[in-house]
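Participant: Each residue of the sequence shown is one higher than the one before, starting from 5 at the first, in the working numbering.
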Amino acid sequence: MFEKGSKKDLPNDIDFVILGVPFEATSTSPRAGAKEGPVAIRKAFHYFSLLTELGTDIFQKKIVDIGDIEVYSTLIDKTMTSIEETISNILSLRTANPPIPITLGGDHFITFPVIRELAKSCPSKFALIVFDAHVDLYDKWLYKEQYKHCTVFRRILDLPAFDKTDLLYIGARDIDYEEAEFLNKNAITPLSSYTISQENLESNLLQKFQSFQERGIDHVYVSIDIDVLDPCYAPGTGYPIPGGLSYRQLWNCLQILTQYFQVVGFDVVEVCPPFDSSEITAITAARIIMEFLGFIIQNMQK
């Protein structure tokens, strides 16, 4: 669906770069297969027409898909270096308004090296908005492994560029003891899927956004774990948790946030094709990417 491009020789006039990271070595799920997510998501784009639901032509902007980057299933540090070098190459194309990277996972830990490199290279301070059934705030998995998909946001908060006030969770509903203690200690209050279903969505989001805006933050990175959705919309994932957002609720959240923030990058992770027999999870993930692109492009035109 999208123009193909080289990882090493990108034109400097591109607006968005899609990259796949077929990596799941940091997953703890017995439902393996997230490394197959990028291929499945790309295939799903072919089911769609060329306009978004609101009629935006996303191809008015130059979108290039550079394919899957090189990963190393047993070498986490080497894989992180590969991801960071790719993000660095994308951002180095332009100092002002660099291309926006769109990363297809893969398990959720891939967000860490993306964010680590963006924090070095992005010209603007940005906050993190995370759509996830989980908060992924373990310090170490099974008391020893610090690089797992369930530790990703603890590692991001370890970076000097971020602190607890830079992180907003939306849709969280499956939180463990250690994570709950960390959230309470640091006064981090996720916007749960229950709250979203019971109360006014926009007013809840604006209340959360206010803490960013009060500090002059108008850029965000958005990370979407597909398990934020209820399993009826996204069964093909490592840890499907009942009670999630609907597709429309996620769509509304993304539309609203682009009205208040510029997006410096986003990812969609944890699509697990072996448990997605109907392909509905991959199709939904692809549609989310397409619609989110439409919202970002609409915001660019303001």
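Even for Gly, the Cβ is constructed at its ideal location relative to N, Cα and C.
Can you tell me whether DSSP reads L55 as helix, strand or coil?
Facilitator: Looking at L55 - three-state DSSP - the assignment turns out to be strand.
Participant: Hey, out of V275, D136, Q259, whose CA is closest to G248's CA?
Facilitator: Among V275, D136, Q259, the Cα nearest to that of G248 is on D136.
Participant: Determine the closest residue to D140 out of T115, R46, Q253, N256, with distance taken between C-alpha atoms.
Facilitator: Looking at the Cα atoms, T115 is the closest of the given residues.
Participant: Report the three-state DSSP secondary structure of Q266 (helix, strand or coil).
Facilitator: Reduced to three states, the DSSP call for Q266 is strand.
Participant: Could you tell me the distance, in whole angstroms, from the CA atom of R219 to the CA atom of L171?
Facilitator: Their Cα atoms are separated by approximately 13 Å.
Participant: Have a look at the DSSP bridge pairing and note the partners of G24.
Facilitator: Bridge partners of G24: D72, L108.
Participant: Within the same chain, show all residues whose beta-carbon is closer than 6 Å to that of Q259, passing over the 5 residues directly before and after it, in chain order.
Facilitator: Excluding residues within five positions, the ones whose Cβ falls inside 6 Å are F299.
Participant: Sorted by chain position, which residues of the same chain lie with C-beta nearer than 8 Å to I73's C-beta, five sequence neighbours on each side aside?
Facilitator: Excluding positions up to five away in sequence, the list reads K11, L23, G24, V25, S86, I87, T90.
Participant: Tell me E7's beta-bridge partners as DSSP assigns them.
Facilitator: Beta-bridge pairing links E7 to V68.
Participant: Would you grab the beta carbon distance between H153 and T30 for me? Rounded to a whole angstrom, and I think it's under 8 Å.
Facilitator: Indeed, because the Cβ distance is near 5 Å, the residues count as touching under 8 Å.
Participant: Which one of K168, C236, G9 has the shortest CA to CA distance from D69?
Facilitator: Considering only alpha carbons, the answer is G9.
Participant: For Q217 and C257, I'd like the C-alpha separation in whole angstroms.
Facilitator: Taking the straight line joining both Cα atoms gives about 17 Å.
Participant: Report the residue from R120, L58, I94 whose alpha carbon sits nearest the alpha carbon of D81.
Facilitator: Among R120, L58, I94, the Cα nearest to that of D81 belongs to R120.
Participant: Can you tell me whether L108 is buried or exposed, with buried defined as 16 or more other CB within 10 angstroms of its CB?
Facilitator: Per the 10 Å Cβ criterion, buried.
Participant: What is the DSSP secondary structure of T78, reduced to helix, strand or coil?
Facilitator: Three-state DSSP puts T78 in coil, outside helix and strand.
Participant: Which same chain residues end up closer than 6 Å to S227 when comparing Cβ atoms and leaving out the 5 residues on each side of it in sequence?
Facilitator: T115, V134, D271, listed in sequence order.
Participant: Per DSSP, which one or two residues make a beta bridge with W145?
Facilitator: DSSP output for W145 lists E149 as bridge partner(s).
Participant: So S77 packs on S125, CB below 8 Å; how close in whole Å?
Facilitator: Not really, about 27 Å apart at Cβ, beyond 8 Å.
Participant: Rank Y225, H223, L254, I221 by C-alpha distance to the C-alpha of Y237 and give the top, closest one.
Facilitator: Checked all of Y225, H223, L254, I221; the closest Cα to Y237 is L254.
Participant: Can you list, in chain order, the residues of its chain whose CB lies under 8 Å from that of T307, leaving out five sequence neighbours each side?
Facilitator: Nothing can be reported for residue 307, as the shown portion of the chain is limited to 5 through 306.
Participant: Relative to the C-alpha of Y181, which residue among F166, W145, K47, D111 is closest?
Facilitator: Per the Cα distances, W145.
Participant: Can you tell me whether Y225 is helix, strand or coil according to DSSP?
Facilitator: Here Y225 sits in strand by DSSP.
Participant: Mind checking which residues open and close the alpha helix (DSSP H) that includes F186?
Facilitator: Taken as a continuous stretch (DSSP letters only), the alpha helix (DSSP H) holding F186 covers 181–189.
Participant: Please name the residue, chosen from F49, P277, A131, that lies closest to D111 on a Cα-to-Cα basis.
Facilitator: Taking only the C-alpha atoms, the option nearest D111 is P277.
Participant: Quick check on V139: does DSSP put it in helix, strand or coil?
Facilitator: Reduced to three states, the DSSP call for V139 is coil.
Participant: Would you please state the rounded distance, in angstroms, between the beta carbons of R158 and D143? I believe it to be under 8 Å.
Facilitator: Confirmed, Cβ separation roughly 5 Å.
Participant: When the Cα atoms are used, what is the spatial distance from R291 to I45?
Facilitator: Each residue's Cα considered, the two are about 9 Å apart.
Participant: Please report how far the alpha carbon of N303 lies from the alpha carbon of V21, in whole angstroms.
Facilitator: One C-alpha to the other measures close to 18 Å.
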